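According to the numbering used here, the stretch in the sequence shown is residues 31 to 84, in order.
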Amino acid sequence: MSFILGYTIFIDAIALLALIFLAGMAVYQQKSAGLAILALVVSFWAVIRLFNFI
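Here it is in structure tokens:
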């Protein structure tokens, strides 16, 4: 069971890094502010879920 928990945490961390990268690229290329905001909101939600803040 701990393997599954560790695996899901690993997948969540990779998804979080991808979202942060996506937000950074959207801001860097100045293409889509909406995409950057959405990626940051989802990243914030993922951090709360990943570290069990709520």
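Each residue gets a CB set at the ideal place from its N, CA and C atoms; glycine is no exception.
This structure is a prediction, so every number in the text was calculated from the model and none was measured.
Taking 6 Å as the limit between beta carbons, can you name the residues of its chain near L52, skipping five residues before and five after?
A69
Can the beta-carbon of L47 be found closer than 7 Å to that of A76?
no
Would you check if the distance between the CB atom of A56 and the CB atom of L49 is smaller than 7 Å?
no
S73 classed as buried or exposed, judged by whether at least 16 other C-beta atoms fall within 10 angstroms
buried
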